[in-house]
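Student: Starting off with a structure, shown below.
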Amino acid sequence: MKLQKKKKAPPAINTSSLPDIVFMLLFFFMVTTVLRQTDLKVKLVVPQATEIQKLEKKSLVSYIYIGPPSETFRSQFGTAPRIQLNDAFAVPSQVPEFIEKERSARSEAEIPFLTTSIKADRETKMGIVTDVKQELRRANSLKLNYSSSLRTEVY
Amino acid sequence: MKKNRATPEVNAGSMADIAFLLLIFFLVTTTIDTDKGISIRLPPMPEIDQPEENIKLKERNVLKILVNSADQLLVDGKLVTIKELKKATKNFIDNPSKDLTLSESPQKAVVSLKNDRGTSYNTYIQVHNELKAAYNELREAKAQAEYGRALEKLTKEQGDEIRDYYRQVISEAEPEDAGGGN
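In the order they appear, the protein sequences are chains B and U. Reading the first sequence from the start, the letters are residues 2 to 156 in the working numbering. Reading the second sequence from the start, the letters are residues 2 to 183 in the working numbering.
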């Protein structure tokens, strides 16, 4: 009798701290989702346009940055606009190699949908952009997007 | 005396579910600055052994746009500003007045764009933007006239028909280095 009285249902696991844990996770994700983009080594302000389209699949886009080196690199690389591929400065002739690398990272079926996005500073001269365009043609990467922001005012 | 029972605890079991819901909501909706821009398609590189074919186009079917290193525009020999470009392009493509110096039909119209190496990227984008705007406006007008609806509300076939009627052909020549910039 005495034994039976003492017998209790096994205590429920205390889950009162679970919300706290999940909230912590939530905050962690909210704070850290800054999707790792390559560190920009060039200063760029993209041009504004009205007829812009969204790039659909972000995973199928490779970026080429063009602009004057940012302040920390100015003493080393000067102020003339430069090309940045991934995390390093590059010359136009390195573009096909870069495209090849981007392609090999994707599956065969995705390759025709690969788009190159040129993010160039609006003050850049067309010479360097043209060089990149020619290299892209050489690499047979023909889908191109000139990154621009939306212009709201009409002139 | 009977033991005084503690007030029953508030059931916090569902709190976790609510938090998870929030977590998933944030995970799904955080789109980090979507990439937008002007899409174009580059022409393929000509084969090396392929003889350079010069497709003969009638003079009147080509709208020649030249941009120099001072960002000035020359459209079919006339100096125009960016603001006037869209109107000029629309007029060229559609040719409502059947002008003999403008295109025969929208399908035959070709826009030829040539810029200098010293042209600023911004001007180049603005030119592309105006050309695209010209085509988009013509398509939109056609969709309204033919189906009485906005272009994006049409079925795929109808939309393709209109896009094909006003198909955008922009030919870009190799830029020249005339100096004065770069």
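Ideal Cβ placement from N, Cα and C applies to all residues, glycine included. None of the values given here were measured: they were computed from a predicted structure.
So, with DSSP's three-state summary, where would you put A89(B)?
Tutor: Note: A89(B) maps to strand in three-state DSSP.
Student: Can you confirm whether D117(U), when its beta carbon is compared against all beta carbons of chain B, has any partner nearer than 9 angstroms?
Tutor: It does; some Cβ of chain B falls within 9 angstroms.
Student: By the 10 Å Cβ neighbour count, where 16 or more other Cβ atoms means buried, how is Q85(B) classified, buried or exposed?
Tutor: Buried is the call here.
Student: To the nearest angstrom, how far is the alpha carbon of L110(B) from that of S63(B)?
Tutor: Inspection of the sequence shows that residue 110(B) is occupied by Ala rather than by Leu. Taking the straight line joining both Cα atoms gives about 16 angstroms.
Student: In or out: T80(B) buried (at least 16 other Cβ within 10 Å) or exposed?
Tutor: So T80(B) ends up on the exposed side.
Student: Could you say which of V128(U), Y167(U), S121(U), Y125(U) lies nearest to K126(B) if we only look at CA atoms?
Tutor: Checked all of V128(U), Y167(U), S121(U), Y125(U); the closest Cα to K126(B) is S121(U).
Student: Quick check on E173(U): does DSSP put it in helix, strand or coil?
Tutor: In the structure shown, E173(U) sits in a strand (DSSP, three-state: E or B).
Student: Do you know whose CA, among L114(U), L22(U), Q169(U), V170(U), lies nearest V76(U)'s CA?
Tutor: The residue with the shortest Cα to Cα distance from V76(U) is L114(U).
Student: Cβ of F90(B) less than 9 angstroms from any chain U Cβ?
Tutor: No, its Cβ sits nowhere closer than 9 angstroms to a Cβ of chain U.
Student: For the segment 67–83 of chain B against the segment 151–159 of chain U, are there 3 or more C-beta pairs whose distance is under 8 angstroms?
Tutor: Verdict: no, contact absent.
Student: Is V43(B) near the ligand MN, with its Cβ less than 8 angstroms from a heavy atom?
Tutor: Absence of the ligand MN from the depicted structure is noted, as is the absence of any ligand whatsoever, leaving it without description.
Student: Measuring only the C-alpha atoms, how far is N183(U) from L22(U)?
Tutor: The pLDDT assigned to N183(U) is 39, lower than 50, so where the model puts this residue is not dependable, and the model offers no usable value.
Student: I want to see whether chain B comes within less than 9 angstroms of I19(U), judged by CB atoms only; does it?
Tutor: Closer than 9 angstroms to some Cβ of chain B, the Cβ of I19(U) qualifies, so yes.
Student: Nearest chain U C-beta to S150(B) closer than 9 angstroms, yes or no?
Tutor: Yes, S150(B) counts as interfacial toward chain U.
Student: Measure the C-alpha to C-alpha separation of V128(U) and I83(U) and round it to an integer number of angstroms.
Tutor: Rounded to the nearest angstrom, the two C-alpha atoms are 7 angstroms apart.
Student: Any contact of the segment 39–54 of chain B with the segment 125–145 of chain U, i.e. 3+ C-beta pairs under 8 angstroms?
Tutor: Yes, since at least three Cβ pairs between the segment 39–54 of chain B and the segment 125–145 of chain U fall closer than 8 angstroms, the two stretches touch.
Student: How many whole angstroms separate the CB atoms of S118(B) and P48(B), which I take to be in contact at a CB cut-off of 8 angstroms?
Tutor: In fact, because the Cβ distance is near 13 angstroms, the residues do not count as touching under 8 angstroms.
Student: Using a Cβ cut-off of 9 angstroms, pull out every chain B residue sitting near N137(U), in sequence order please.
Tutor: Near N137(U) (Cβ distances below 9 angstroms), the residues of chain B are E52.
Student: Just to make sure I have the definition right: I need the residues of chain U whose C-beta is within less than 7 angstroms of the C-beta of K134(B). Which are they?
Tutor: Those within 7 angstroms of K134(B) in chain U are L43.
Student: Please check if any C-beta of chain C sits within less than 9 angstroms of the C-beta of N146(B).
Tutor: Judged by its chain identifiers, the structure shown contains no chain C, and its protein chains are B and U.
Student: Grouping DSSP H, G and I as helix and E and B as strand, with all else coil, what is V62(B)?
Tutor: In the structure shown, V62(B) sits in a strand (DSSP, three-state: E or B).
Student: Using a 10 Å radius around the Cβ and a threshold of 16 neighbouring Cβ atoms, would you call G181(U) buried or exposed?
Tutor: Residue placement at G181(U) cannot be trusted, given a pLDDT of 48 that sits under 50; the coordinates are not used to answer.
Student: E175(U) CB to nearest chain B CB: under 9 angstroms?
Tutor: Yes, E175(U) lies at the interface with chain B (some Cβ there is under 9 angstroms from its Cβ).
Student: Put T117(B) into one of helix, strand or coil per three-state DSSP.
Tutor: Reduced to three states, the DSSP call for T117(B) is strand.
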